[in-house]
Structures are given as C-alpha cells and as structure tokens.
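Protein chains in written order, with the numbering used here: chain A, 9 to 118; chain B, 285 to 398.
Backbone N, C-alpha and C fix where the C-beta goes; we use that ideal spot for every residue, glycine too.
For clarity, every value in this text was computed on a predicted model and none was experimentally measured.
Let me begin by presenting the structure, written as structure tokens, before commenting on it.
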C-alpha cells in the first residue's frame, strides 16, 4: 500500500537524551513536512523539505534537527535542547499541494 | 510571513442545521488555501483547496468553502450538518510566491448534536 509510515507510535525520552522519529513515504512525493500538534495550538511547522538534500526551518525549529538524504525518508531528531518535547508529531508529504499525513508519533518525557 | 487564524475554538450545531467554520489568513503574496479534518483516532484528511478560479470551492463529504480576497477569509461551510461531521477542523495557507511552507491554524472543534 502507498502511504506515509511513522514509527514508533509511542516514544519516551529521558532527560538529556536525543531521540529520532522515523518518517518514510512511498508516494514518490518531493515535499515532506514535520508538524507538532499540541492541544489548543493546532499544527505548528517544525521543518520542511522540498527536495532531497535540502530543508528549511519552520516556525518552531529550535531543539529539532532533520535530514533528507533520500526522497523516501525524512527523519526528525528531537534533541536535548528541546525543553518541552511532549507532543504528538505528524509527518506529511505532498503532491500538488495536497498533504498526506502519517498516523503520528506520541512523544513523552520520562 | 504567513499565518492563519481560526477565531473559534469550538462550534456547536444541531444535526440538520448549517455549519460554518471560520478562517482568516495573512500572506505577503498570493495564497493557496486548504481545509483538513481530523476525526477522533484517525489521521488528518484533506477536505478541499483553493488555488485559483471560482471563489466557491467544493470538497469532500458535502463541504464547501468560499474564498474572499477582500476579507482575507476562507470559511468552511456545510448546508446540513451530520453527527458524523463532529471532528477537529484545520485551515491552512501557503504563500505561492515563495516556497512550499504550509502553515496551519489552531483548529476548531466541531460538535454536531443529534
């Protein structure tokens, strides 16, 4: 099946630890996105990538990093610099401005 | 800079009544506008988009939205709401003058009572 796969579904981070959220797509889309969803704040853009080996900061990039070495993959690393990482993280890819979302990763701090 | 405002956190309507979810936007250039819906325990789904042309856009599940350039608005409407329309609705904007950045609003929770 074609789509966006995010893993893991649930992730726990210890203080001072970096964690990486996986996002893979087999839709052959050029653009990919990472959003953070918090109750009452909607979806806030962390990073986005229009093509391989290129990405741009979104509105809340501090404490996060990404890479785009392959068209299919856009992993997000939540670093220890992100002091409030507990949130629901959504990855998406787009074709003709229609976004296709993954099922999300819930990150919590231990 | 681009941004989206959804002025209502919650909208409550009775089944069969018209439903309106408000959205205003701000961009420097020309906007592409979108509505997405998030049902409980399901992912975000695309409803409709405005790119160019007719200001009234029709989308999935009987929803439509009207682009109003002078008021910088893109309100979502449905003539007769169903209980199954209860969900979280997001408006989004992209400034096509620049790049692929897509910004979402804070969302509006719609509750349709039987």
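- Distance from the Cα of residue 361 of chain B is smallest, within the candidate group B:295, B:287, B:305, B:291, for B:305.
- The Cβ atoms of residue 111 of chain A and residue 35 of chain A lie no closer than 9 Å to each other.
- If you keep only unbroken alpha helix (DSSP H) runs of at least 4 residues inside the stretch 315 to 348 of chain B, you get nothing at all.
- The Cβ atoms of residue 32 of chain A and residue 12 of chain A lie closer than 9 Å to each other.
- Around residue 64 of chain A, the same chain offers 55, 56, 57, 58 as residues with beta carbons nearer than 8 Å, after the five sequence neighbours per side are excluded.
- A distance below 7 Å between beta-carbons, with the five flanking residues on each side excluded, links residue 88 of chain A to the following residues of its chain, in chain order: 24, 25, 26.
- For residue 383 of chain B, the C-beta contacts it makes with chain A under 9 Å involve 56, 58, 64, in order along the chain.
- The Cβ atoms of residue 44 of chain A and residue 61 of chain A lie no closer than 9 Å to each other.
- Shown here, residue 369 of chain B sits in a helix according to DSSP, grouped into three states.
- With a 10 Å radius around the Cβ and a threshold of 16 neighbouring Cβ atoms, residue 312 of chain B comes out exposed.
- In the DSSP assignment, the residues bridged to residue 50 of chain A are A:46.
- For chain A, the residues of the stretch 319 to 342 of chain B that bring a beta carbon within less than 9 Å of one of its beta carbons are 320, 322, 326, 327, 328, 329, 330, 333, 335, in chain order.
- With 16 or more other CB atoms across the displayed protein chains lying within 10 angstroms of its CB, residue 286 of chain B is buried.
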